[in-house]
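Have a look at the structure below before the remarks.
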Amino acid sequence: MVAPFLGQPKTPPSPLSTVPFRRDPGFIDRGTVLDQMQEKCSRPASIIALVGLSSVEKSQLFIQYCYRVRDQSPPETWVFWIHTSNTACFKQSYREIADRAKIRNRKSPKINIFEPFYDWLQDEEKRKQIIVFDNLNDGSFLHEAPHTGQDQLESQISRKPLMEYLPPTPHSFYYHDNEGPRHAGKNTEDQNIINVEPRDDSQALKLLRTKLGPVVDSGDIRELVIELELIPLAIV
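Below, the structure is given as structure tokens:
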């Protein structure tokens, strides 16, 4: 009798999304930025970055884009959201995705979780995958090998930088956000870096109206928006 693979799913799950946030029904579309994301992601194996101040809605743009993709793309599209503020969060996100996708061998006691995930992405290369690296303010750890707790010899053989566990399959697209282009440039080509600026006057006014309702005086709203320097997270 042949023992089953550890973590082998009885029934493979349907493509899913691990975006941990609900869609904001009051989101005011930034057509220009979302259009740029769409255009740059039309190329196979794209890696793009949104850069800008922490208060200009970069994560919110990713959230909206992911929901848009799920609405418009074929049903075989997978959307993965990975927290990248540090190595521990990064690894935990991988484990949660492996459980949700029921990736083979994910429960092996000494497994380097990045390896079965990498193999799974390779196996699923005919399916579209979108991977969001949220809060990647310093991606230096992506260029380091993960610590797996294995003995030194095995680690030297099997370990490689985390960035190498992301295969550039024809249907994979990667996004991340940064405070500025200095960090983004480590992982992204210059032409794929999108700068996100504070909203313009009309967008900022419309955003504030959706939060306060129509009863507020227009003059007061305009003064408040100017006082908040058109920064979305300050407005909401």
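Per our numbering, residue 67 is the first one in the sequence shown, and the count goes up by one each step.
We put the CB at the ideal spot given by N, CA and C, even for glycine.
Among the residues of its own chain, which have a CB less than 7 angstroms from the CB of residue i, if the five just before and after it don't count?
| i | result |
| --- | --- |
| H209 | P227 and M229 |
| M83 | Reading off the sequence, residue 83 comes out as Ser, not Met. Result list for S83: C132, R136 and V145, in chain order. |
| A105 | One point to set straight first is that residue 105 is Glu, not Ala, in the sequence displayed. None. |
| R161 | I179 |
| V85 | I129, C132, V145 and W147 |
I'd like the list of long-range same chain contacts for residue i, defined as Cβ closer than 6 angstroms, with 5 residues on each side in sequence excluded.
| i | result |
| --- | --- |
| D87 | Before going on, a small fix: residue 87 reads as Phe here, not Asp. So the qualifying residues of the chain are I129. |
| H149 | C155, S159 and D200 |
| I197 | F146 and Y240 |
| Y184 | Y231 |
| I260 | Q102 and L116 |
DSSP three-state label for residue i, please.
| i | result |
| --- | --- |
| A154 | helix |
| V99 | helix |
| V85 | coil |
| N201 | coil |
| F128 | helix |
| V145 | strand |
| V117 | strand |
| N261 | strand |
| T77 | coil |
| S139 | coil |
| S108 | coil |
| I177 | coil |
| I94 | coil |
| I163 | helix |
Please classify residue i: is it buried, with 16 or more other beta-carbons within 10 angstroms of its beta-carbon, or exposed?
| i | result |
| --- | --- |
| T98 | exposed |
| Q257 | exposed |
| K124 | buried |
| T77 | exposed |
| S112 | buried |
| R170 | buried |
| G205 | buried |
Excluding sequence positions up to five away, which residues of its chain have a Cβ less than 8 angstroms from the Cβ of residue i?
| i | result |
| --- | --- |
| A167 | P79, L82, W144 and W186 |
| L139 | According to the sequence shown, residue 139 is Ser rather than Leu. Result list for S139: K194, in chain order. |
| E207 | In the sequence as displayed, the identity of residue 207 is Phe instead of Glu. N152, T153, F156 and L228. |
Hey, residue i and residue j are a contact pair by Cβ (cut 8 angstroms); roughly how many whole angstroms apart?
| i | j | result |
| --- | --- | --- |
| K194 | E263 | Rounded, the Cβ-Cβ distance is 29 angstroms, inconsistent with contact. |
| Q126 | D95 | Rounded, the Cβ-Cβ distance is 11 angstroms, inconsistent with contact. |
| P212 | K157 | 7 angstroms |
Report yes or no: do three or more beta-carbon pairs, one from the stretch 151-161 and one from the stretch 108-118, lie closer than 8 angstroms? Counting C-beta pairs closer than 8 angstroms gives fewer than three between the stretch 151-161 and the stretch 108-118, which falls short of the contact rule.
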